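For reference, the structure is listed below as structure tokens.
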Amino acid sequence: MKQKSFLRTATPYLFILPWIIGFLVFTIGPLIFSLIMSFFDWPLTSTPEFVGFGNYIEMFTEDDQFWKSLVISLKYAAIFVPLNLIVALFLAMLITQPVKGVKIYRTLYYIPTVISGVAVAILWGWLLDSNYGVVNYLLSLIGIEGPQWLIDKSWALFAVIIASAFGVGSMMLIFYTDIKNIPPDVYEAASLDGASPARQFFSITLPLITPTLLFNLIMSIINSFQQVTLVMLLTNGGPLNSTYFYGLMTYNNAFKHHKMGYAAANAWVMFIIILFLTALVFKSSSAWVFYETEAGGKEKKAKKKQAKEAK
Amino acid sequence: MSQMSLSKKSKVVIYILLTIMAIYFIAPFFYMFFTTFKTESEAIAYPPSLFPEVWHFENYINAWNAQPFGTYFINSVLVTAGTTLGQIVSCSLVAYGFARYNFKGKNILFMILLATMMIPWDVTMIPQYMEFNLFGWINTLKPLIVPAWFGSAYYIFLLRQFMMGIPKDFEEAARIDGCNPFQIYLKIFMPIIKPSLILIATLNMITVWNDYLGPLIFLQDRSKYTLALGLASFKGVHDTQIIPMLCITVIMIIPPIILFIIAQKYIVEGTSGSIK
Chain B
1 MKQKSFLRTA TPYLFILPWI IGFLVFTIGP LIFSLIMSFF DWPLTSTPEF
51 VGFGNYIEMF TEDDQFWKSL VISLKYAAIF VPLNLIVALF LAMLITQPVK
101 GVKIYRTLYY IPTVISGVAV AILWGWLLDS NYGVVNYLLS LIGIEGPQWL
151 IDKSWALFAV IIASAFGVGS MMLIFYTDIK NIPPDVYEAA SLDGASPARQ
201 FFSITLPLIT PTLLFNLIMS IINSFQQVTL VMLLTNGGPL NSTYFYGLMT
251 YNNAFKHHKM GYAAANAWVM FIIILFLTAL VFKSSSAWVF YETEAGGKEK
301 KAKKKQAKEA K
Chain W
312 MSQMSLSKKS KVVIYILLTI MAIYFIAPFF YMFFTTFKTE SEAIAYPPSL
362 FPEVWHFENY INAWNAQPFG TYFINSVLVT AGTTLGQIVS CSLVAYGFAR
412 YNFKGKNILF MILLATMMIP WDVTMIPQYM EFNLFGWINT LKPLIVPAWF
462 GSAYYIFLLR QFMMGIPKDF EEAARIDGCN PFQIYLKIFM PIIKPSLILI
512 ATLNMITVWN DYLGPLIFLQ DRSKYTLALG LASFKGVHDT QIIPMLCITV
562 IMIIPPIILF IIAQKYIVEG TSGSIK
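If you're matching them up, the sequences are chains B and W in order.
Taking the numbering used here, the leading residue of the first sequence gets 1, the next gets one more, and so forth.
Taking the numbering used here, the leading residue of the second sequence gets 312, the next gets one more, and so forth.
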């Protein structure tokens, strides 16, 4: 009898056991281990040596590339994140319009998202080629002399941004399903009151999807810091290190220069920056994110207050 | 919004915008597809042409034979199938535990699960490499497949959302019939959540098929390469020859596109379920 009740208590833990093992072995274990590594000089082949905060001090005071890569990644995030959000939202608005055949467009816009980063890098490397690339050819048709996208150091970052914007589909889909969930009578009431489509967008759609906007904003900040595949294959950090992203630097320190301890320190600094930016966004969100339940609550409170005052 | 009717003029504007965006997303693929049948000199000719003068279908055979792409393809299929099976089994078990039971520490554990989605891969990749090196797994497909058998936070989260919505009566009826918890999970829940299992299987297949950094770090011999890794190394070697590279790119992107078109209903519904 006792055994049976033990089994009953243990049942839920047995169900979640695979995740608990995976979490210990593949997530928290490596996470702690990488923090420890960051305090060591840890070459791949010889014995590690404890250096205290040495790696962090070296990074902040001696390593020029650290600061340069950090600036490049921040610059990329600063351009790419808002651009990605605006394009995703714009596409989501387009594919929620009540016109025929709009679902086909939804499928078309999403297709680049399911394609490998390797393929996207090859495709755009070829399209943006400055000798025979079709992009510059098309630009020349309308009288614009295209830049040397992948060779000119002031344009390479934009080439990476154009290629990354190709994968906007998943964010578009999240906005799309959220906009679809807005009840149509809200819009009907607004258009009866004579609100223009633009007015409807800014006063109804945008406030109602702010929670999703917050989610997408955080996800794209995280993703933009982790951008490695595309930049590795499109420009490999060049020209003249102008696209040497932070993630690429970390990867190279670990697997090219075999400075495992130093790379672990790089990665932890990145983690802390991401956490800091996420916290900042969350903190600001109370000023611009609108939760339905919250507003309902406030309204009710206000009504109660009125009722009390009336008494 | 569907009940509202738009003026003819605004409809035209919408179609124009829809089409312009479609060109940005789709035209590169068609242009690439047509180019794969051109000769090398045609491909780099200026001004470029859309269609080849003569259709060189043999380009595909030549590209395929330039490297052991058959082996890469099989490796990619193995990794994709192995991880997908693992995710389905492990994530559904874990999600069932979180969705249908109350136990000590459940809320904290679930918060931890959600928090792990925030950890950048860069932080864990270095110790993971050393860990797999210790296991003797480097240069095998194991580091790419085995972790999938221990669940993935996002898929667990998705499945839990769906399981939460299933009424309690189902399992009570089964329990009265004498089913044990595992039988309830297997015989009652697994069939009901089939659409969400298809969703996570699709998402996982696309992600793993396309993964580049994992294979890049864990694999060394060409005989172990996946298609993504093989294609990238092909780019390094054949930078001057554009046609074979584009042929393999086309071959590589076809499976995920077909999969997406078949399963897109589940992806759209799944996205809608997860944000609620």
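Ideal placement from N, C-alpha and C gives every residue a C-beta, glycine not left out.
Just so we're clear, the structure is a prediction, and the values are computed from it rather than from any experiment.
Taking C-beta separations shorter than 8 Å and ignoring five residues to either side along the sequence, the partners of Thr205/B in its chain run Met93, Ile179, Ile182, following chain order.
Contact between the segment 150-159 of chain B and the segment 238-258 of chain B is present: 3 or more CB-CB pairs across the two stretches fall below 8 Å. In the three-state scheme derived from DSSP, where H, G and I count as helix and E and B as strand, Asp178/B is classed as helix. Straight-line measurement puts the Cα of Phe380/W at about 26 Å from the Cα of Val365/W. It is roughly 48 Å from the alpha-carbon of Ile273/B to the alpha-carbon of Lys349/W.
Leu213/B is positioned such that its CB atom lies no closer than 8 Å to that of Met232/B. Taken through DSSP and simplified to helix, strand or coil, Phe50/B comes out as strand. Gln200/B and Phe290/B have their C-alpha atoms roughly 16 Å apart. Looking at the DSSP output, Asp41/B bridges to Glu49/B.
Proximity of the segment 165-180 of chain B to the segment 93-109 of chain B meets the contact definition, three or more beta-carbon pairs being nearer than 8 Å. In the DSSP assignment, the residues bridged to Lys259/B are Pro43/B. Contact between the segment 388-408 of chain W and the segment 441-457 of chain W is present, with at least three C-beta pairs closer than 8 Å. The beta-carbon distance between Thr451/W and Pro30/B, rounded to whole angstroms, is 19 Å. This is too long to meet the 8 Å contact definition. The way I'd put it, the segment 399-409 of chain W doesn't touch the segment 558-576 of chain W; fewer than three beta-carbon pairs between them come closer than 8 Å. DSSP places Phe545/W in the uninterrupted alpha helix (DSSP H) bounded by 538-548.
Among the residues facing chain W, Gly22/B is included, as its CB has a counterpart in that chain under 8 Å away. Here DSSP, grouped into helix, strand and coil, assigns Asn413/W to coil. Residue contact with chain W for Gly146/B: absent (no Cβ-Cβ distance below 8 Å to any residue of chain W). Taking 8 Å as the cut-off between beta carbons, the residues of the segment 428-443 of chain W near chain B are Met429, Ile430, Pro431, Trp432, Asp433, Val434, Thr435, Met436, Ile437, Pro438, Gln439, Tyr440, Met441, Glu442, in sequence order. Ser69/B counts as buried, since no fewer than 16 other beta carbons sit within 10 angstroms of its beta carbon. Under the 10 Å beta carbon count, Phe60/B is surrounded by fewer than 16 other beta carbons and is classified as exposed. Leu570/W carries a helical assignment under DSSP once its states are collapsed to helix, strand and coil. Listed along chain W is no residue with a C-beta nearer than 9 Å to that of Met59/B; the closest approach is about 14 Å. Residue-level contact check: Trp448/W does not touch chain B, since none of the beta carbons of chain B fall below 8 Å from its beta carbon.
Scanning chain B for C-beta atoms nearer than 7 Å to the C-beta of Ser387/W yields nothing, as the closest lies near 10 Å away. Not flagged as an interface residue toward chain W: Ile272/B, since no C-beta distance is shorter than 8 Å. In the DSSP assignment, Gln439/W falls within the unbroken alpha helix (DSSP H) covering 432-446. Taking the beta carbon of Tyr407/W as reference, the chain B residues within 7 Å of it are Phe15, listed in sequence order. About 6 Å separates the Cβ atoms of Phe336/W and Leu108/B, confirming a contact at the 8 Å cut-off. Leu123/B has a beta carbon lying within less than 8 Å of a beta carbon in chain W. When secondary structure is reduced to three states using DSSP, Phe290/B falls in the coil class, being assigned neither helix nor strand.
Distance from the CA of Tyr132/B to the CA of Val548/W, rounded to the nearest whole angstrom, comes to 20 Å. Against Val71/B, chain W offers no close residue; the least beta-carbon distance is about 18 Å (beta-carbon pairs closer than 9 Å). Rounded to the nearest whole angstrom, the CA to CA distance from Glu580/W to Ile517/W is 17 Å. In chain order, Phe345 place their CB closer than 6 Å to the CB of Phe362/W, counting only its own chain and leaving out the 5 sequence neighbours on each side.
Neighbours of Tyr109/B in chain W, taken as residues at a C-beta separation under 8 Å, are given in chain order as Met332, Ala333, Phe336.
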